[in-house]
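**Q** In the numbering used here, the protein residues as written are 153 to 440.
Sharing a structure, written as structure tokens. Questions coming.
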Amino acid sequence: MRIAVVMGGITSEREVSLRSGQAVLNSLLRQGYDAYKIDLTKENLVSAFIENEFDIAYLTLHGEYGEDGRVQSVLDMLGKKYTGSGVTGSAVAMDKILTKIIAKDLGIDIAKTYSTVEEIKEYPVVIKPAKEGSSVGIYICNTKEEALEAYKALEGKHPLIEEFIKGEELTAGVLNGEKLGIVRIKPKSGVYDYESKYTVGKTEYECPAQIDEKIYEEVCEAARKIHEKLGLTGVTRSDFILRDGKAYFLEVNTCPGMTETSLAPKLAASKGYSFDDLTRVIIESAKA
153 MRIAVVMGGI TSEREVSLRS GQAVLNSLLR QGYDAYKIDL TKENLVSAFI
203 ENEFDIAYLT LHGEYGEDGR VQSVLDMLGK KYTGSGVTGS AVAMDKILTK
253 IIAKDLGIDI AKTYSTVEEI KEYPVVIKPA KEGSSVGIYI CNTKEEALEA
303 YKALEGKHPL IEEFIKGEEL TAGVLNGEKL GIVRIKPKSG VYDYESKYTV
353 GKTEYECPAQ IDEKIYEEVC EAARKIHEKL GLTGVTRSDF ILRDGKAYFL
403 EVNTCPGMTE TSLAPKLAAS KGYSFDDLTR VIIESAKA
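This is the structure:
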């Protein structure tokens, strides 16, 4: 069985994807798999899957053109197996606005959301791309002027406007329907931005999170419900903000990072899965 570890891509999350992909490739080689690297670029975005021979594509792509169902649809048409979620689940989960609507329908608390700057009733608000991750392009706005400027800066990126909830950041993992628990995230700067997320030592992680037992179970169950409702496969990670005893769902990641600072491996480790165990289970659950 030959495995192509697909990494890189053409989004702002390319460097993170390369780091995730290399960590996965090293893991598979350690376990004796016949694995190699495919670096996706603008030039080979489709041809890479046609010109390379493999039985399974292990996807470590983040953001659009990788995590949003488009690459998955190419692989489906070629009849190739791949890791992670299918086309529909990936596409829906990538859209934070649509996913929040589904979460609300499941009875899960979400932050108040606005369609336009003119609708905003109170500040501060967060404005961010609806279809990007890794804390890229996030603006915290305290005035209408700041909100208009942020909205304009994100033109063409489907801006999502939601109330700014100041609280504790939590992330809950699910592996093929199994609840992996929760990490509490403590950025030293006070904001879990790109630098805090991907620079060793910039953030402290509490795993499992030492929070109220009832809230802990509610958050784990909310993450599992979203994973199940969207028909997701493999490992997913759902992000929440905890304030005054209530956890608000933010988004679900269908292809979470696998770097040395990534949260999915931390969550899996808390349930007894080594990094190699995690990559092996993901391979074994690859979609035909």
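Don't be surprised by glycine CBs; every beta carbon is placed ideally from N, CA and C.
Here the structure is a predicted model, which is why all the values come from computation and not from measurement.
How long is the line joining the alpha carbons of Glu356 and His214, rounded to whole angstroms?
**A** For this step, residue 356 is matched to residue 204 along the sequence shown. For this step, residue 214 is matched to residue 62 along the sequence shown. One C-alpha to the other measures close to 23 Å.
**Q** Please list the terminal residues of the continuous beta strand (DSSP E) segment that includes Val168.
**A** Mapped onto the sequence shown, residue 168 falls at position 16. Premise fails: Val168 lies in the alpha helix (DSSP H), 166-182, not in any beta strand (DSSP E).
**Q** Take Thr323 as the anchor and find which of Gly173, Glu297, Ile393 has the nearest alpha-carbon.
**A** By 1-based counting over the sequence shown, the position of residue 323 is 171. Of the candidates Gly173, Glu297, Ile393, the one whose C-alpha sits nearest the C-alpha of Thr323 is Ile393.
**Q** Among Cys293, Ser199, Glu301, Gln224, which one has its Cα closest to the Cα of Lys318?
**A** Translated into positions along the sequence shown, residue 318 becomes position 166. Comparing Cα-Cα distances from Lys318 to each of Cys293, Ser199, Glu301, Gln224, the minimum goes to Cys293.
**Q** Nearest to Thr265 by alpha carbon, out of Leu402, Tyr425, Gly218, Asp186?
**A** Residue 265 sits at position 113 when you count from the first residue of the sequence shown. Residue Leu402 is the option with its Cα nearest to Thr265.
**Q** Which residues share a DSSP beta bridge with Thr388?
**A** In the sequence shown, counting from the first residue as 1, residue 388 sits at position 236. Val326, per the DSSP bridge assignment.
**Q** Exposed or buried, what is Val158 when buried is set at 16 or more other beta-carbons lying within 10 Å of its beta-carbon?
**A** Here residue 158 corresponds to residue number 6 of the sequence shown, with the count starting at 1. Buried.
**Q** Relative to the alpha-carbon of Met410, which residue among Met153, Ile155, Leu180 has its alpha-carbon at the smallest distance?
**A** Counting from 1 along the sequence shown, the entry for residue 410 is found at position 258. Checking every option, the nearest Cα to that of Met410 belongs to Leu180.
**Q** Assuming Lys398 is part of the beta strand (DSSP E), what are its boundary residues?
**A** Translated into positions along the sequence shown, residue 398 becomes position 246. Residues 398-405.
**Q** Give the single residue among Ser169, Leu250, Arg432, Asn196 whose Cα lies nearest to the Cα of Lys283.
**A** One-based indexing of the sequence shown puts residue 283 at position 131. Among Ser169, Leu250, Arg432, Asn196, the Cα nearest to that of Lys283 belongs to Leu250.
**Q** Below 8 Å on the Cβ atoms is my guess for Tyr368 versus Ile334; work out the distance and round it to an integer in Å.
**A** As a first step, residue 368 is located in the sequence shown; it is residue number 216 there, counting from the start. As a first step, residue 334 is located in the sequence shown; it is residue number 182 there, counting from the start. 6 Å between Cβ atoms; contact.
**Q** So, using beta-carbon positions, are Ile260 and Ala438 closer together than 8 Å?
**A** As a position in the sequence shown, residue 260 is number 108, starting the count at 1. As a position in the sequence shown, residue 438 is number 286, starting the count at 1. No.
**Q** Could you pull the start and end residues of the beta strand (DSSP E) that Val277 belongs to?
**A** Counting from 1 along the sequence shown, the entry for residue 277 is found at position 125. Taken as a continuous stretch (DSSP letters only), the beta strand (DSSP E) holding Val277 covers 277-281.
**Q** Tell me the DSSP secondary structure of Leu213 in three-state form.
**A** For the purposes of this step, residue 213 is taken as the residue at position 61 of the sequence shown. Residue state, collapsed to three classes: coil.
**Q** Can the beta-carbon of Ala156 be found less than 8 Å from the beta-carbon of Tyr217?
**A** Here residue 156 refers to the residue found at position 4 when the sequence shown is read from its first residue. Here residue 217 refers to the residue found at position 65 when the sequence shown is read from its first residue. Their beta carbons are not under 8 Å apart, which means Ala156 does not touch Tyr217 by this criterion.
**Q** Considering only the beta carbon of each residue, do Val387 and Leu430 sit closer than 8 Å?
**A** Against the sequence shown, residue 387 aligns to sequence position 235. Against the sequence shown, residue 430 aligns to sequence position 278. Yes. Within cutoff.
**Q** Return the first residue and the last residue of the alpha helix (DSSP H) that Pro417 is part of.
**A** Residue 417 sits at position 265 when you count from the first residue of the sequence shown. First-last of the alpha helix (DSSP H) with Pro417: 415-422.
**Q** Let me know the secondary structure DSSP gives Asp364 once reduced to three states.
**A** Here residue 364 corresponds to residue number 212 of the sequence shown, with the count starting at 1. It is coil, neither helix nor strand.
**Q** Let me know if Val326 comes out buried or exposed under the rule of 16 or more other beta-carbons within 10 Å of its beta-carbon.
**A** Stepping through the sequence shown from its first residue, residue 326 is reached at position 174. With 16 or more other Cβ atoms within 10 Å, it is buried.
**Q** Only counting the same chain, and skipping five residues up and downstream in sequence, which positions put a Cβ closer than 8 Å to that of Lys354?
**A** Taking the sequence shown and counting its residues from 1, one reaches residue 354 at position 202. Around Lys354: Pro339, Lys340, Ser341, Glu347, Ser348.
**Q** Can you name the residues that DSSP bridges to Gly333?
**A** Sequence index remark: in the sequence shown, residue 333 carries index 181 (1-based). Gly333 is bridged to Gly325.
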